[in-house]
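See structure below.
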Ligand code: HSE
């Protein structure tokens with residue numbers, strides 16, 4: 643049995659989703675994968691850094707976090723800075739699920755680099771470090787014989803990255819197109835049902851789909867981040883945000899949604915990448931799709947991605963694109979995948 647000790651940074655929706663899975667199912671997960679997953683440390687920007695080599699009880703930890711009070715854990719509080727905490731805590735994994743920052747990826751990127759320097763695998767759903775610094779992180783991980791788990795960065799736990807990076811790696815992918823943001827797809831769905839943009843956004847926030855700052859969702863930055871990640875990790879192109887032609891959905895009104903409906907169409911925010919020779923072009927924009935288009939039928943926080951390749955034609959994957967449990971699952975699956983990697 644492998645002992646998989648985990649440090650967690652970020653105790654928001656994703657971190658809590660991961661803990662909820664452990665709280666509900668950890669004996670079964672451990673038994674079926676012959677592992678023992680224990681959360682030995684937690685770090686929160688406001689509440690400080692905590693460590694116990696014995697591991698926290700996930701249900702009690704979740705309860706303390708949900709109540710916003712970690713006093714019950716005060717005996718485990720350290721005086722270490724987060725970088726020191728990463729270095730000194732004994733653990734196999736760092737789960738990085740703090741807020742996304744597409745400007746310089748801080749503080750997450752510093753935490754990921756520190757973990758790799760100190761012998762910890764990094765598993766993250768945080769798009770900032772992967773969109774901006776994947777090459778550096780991957781190089782450092784390889785130098786230290788460590789792994790980087792990134793599945794949760796695109797389409798939460800729906801295995802879009804594994805599909806593009808591993809399962810279709812020999813197919814010669816030339817085009818990627820998808821609904822890559824759960825919040826905006828949820829908003830457009832609810833608007834079509836007659837709800838206002840504001841009410842639909844508030845629901846998406848309540849359901850844990852939206853980013854801490856939802857501007858990132860509605861203006862297409864989140865989808866653009868995912869396009870950059872797909873460009874770099876799946877197509878091997880050194881894309882940056884500046885290369886993505888981006889437009890969000892904030893300009894789409896109820897009247898636009900109604901008029902598309904009358905014409906047998908539906909608005910979708912699409913992320914698109916196209917490879918021609920060595921050149922990769924990238925866009926994020928709202929598109930009016932005919933109802934007959936398979937992507938038009940993808941509703942709510944569900945996402946979809948189509949990989950077009952020379953050897954396999956179109957392969958489409960549809961599944962959850964956001965959510966606490968769904969993204970928490972991505973972290974768990976990456977931990978298990980890394981623990982069995984040769
Ligand atoms: N805010 C993101 C979304 C979360 O709505 O898709 C998942 O990356």
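Numbering (my numbering), first residue to last: 643 to 984. Every residue, glycine too, gets a C-beta built ideally from N, C-alpha and C. These numbers come from a predicted model, not from an experiment.
Residue 813 to residue 885, Cα distance in whole Å?
25 Å
Taking only runs of the alpha helix (DSSP H) that begin and end inside the segment 698–776, which ones reach a length of at least 4 residues, in chain order?
700–708, 724–730, 750–759
Does ligand 1 have a heavy atom nearer than 7 Å to the CB of residue 824?
yes
In chain order, which continuous runs of the beta strand (DSSP E) of length 3 or greater are located wholly inside the segment 881–959?
886–888, 907–918, 921–932, 944–951
Can you list, in chain order, the residues of its chain with a C-beta nearer than 7 Å to that of residue 700? Leave out the 5 residues immediately preceding and following it.
Correct list, in chain order: 661, 664, 665, 668, 681.
Sub-8 Å separation of residue 943 and residue 851 beta-carbons
yes
Can you tell me whether residue 740 is buried or exposed, with buried defined as 16 or more other CB within 10 angstroms of its CB?
buried
In this structure, what does DSSP give as the bridge partners for residue 819?
914, 948
Should residue 931 be labelled buried (16 or more other beta-carbon atoms within 10 Å of its own) or exposed?
Here residue 931 is buried, its C-beta having at least 16 other C-beta atoms within 10 Å.
Would you grab the beta carbon distance between residue 800 and residue 963 for me? Rounded to a whole angstrom, and I think it's under 8 Å.
7 Å
Are there any heavy atoms of ligand 1 lying less than 7 Å away from the beta-carbon of residue 923, as far as the coordinates show?
no
Compute the beta-carbon to beta-carbon distance between residue 646 and residue 735, rounded to the nearest angstrom, for a pair I have assumed lies under 8 Å.
6 Å
Assigned secondary structure, residue 677 (DSSP; H/G/I helix, E/B strand, else coil)
DSSP places residue 677 in the strand class (E or B) of the three-state scheme.
Counting only the same chain and skipping the five closest in sequence on each side, list residues whose C-beta sits under 7 Å from that of residue 846.
825, 828, 829, 852
What did DSSP end up calling residue 655 once you bin it into helix, strand or coil?
helix
Residue 978, DSSP secondary structure in three states:
helix
Among 899, 883, 947, the one whose alpha carbon lies nearest that of residue 912:
Closest option to residue 912, Cα to Cα, is 947.
Just grab the DSSP bridge partners of residue 647 for me.
680
Any heavy atom of ligand 1 within a distance shorter than 7 Å of the CB on residue 972?
no
Quick one: using the 10 Å Cβ neighbour count with 16 as the cut-off for buried, is residue 819 buried or exposed?
buried
Report the partner residues of residue 791 according to the DSSP bridge assignment.
In DSSP, residue 791 forms a bridge with 765.
Is it true that the CB of residue 742 sits closer than 8 Å to the CB of residue 697?
no
Give me the Cα-Cα distance between residue 921 and residue 879, rounded to the nearest whole angstrom.
8 Å
Secondary structure of residue 961, DSSP reduced to three states:
Reduced to three states, the DSSP call for residue 961 is strand.
Using 8 Å as the threshold, is the C-beta distance between residue 678 and residue 643 below it?
yes
Between which two residues does the alpha helix (DSSP H) carrying residue 693 extend?
Looking at the DSSP string, residue 693 is not in any alpha helix (DSSP H); the run it does join, the beta strand (DSSP E), is 690–693.
Going by alpha carbons, who is nearest to residue 773 out of 787, 968, 793?
793
Report the three-state DSSP secondary structure of residue 855 (helix, strand or coil).
It is coil, neither helix nor strand.
Quick one: measure Cβ to Cβ for residue 758 and residue 779, integer angstroms, because I've assumed they're closer than 8 Å.
7 Å
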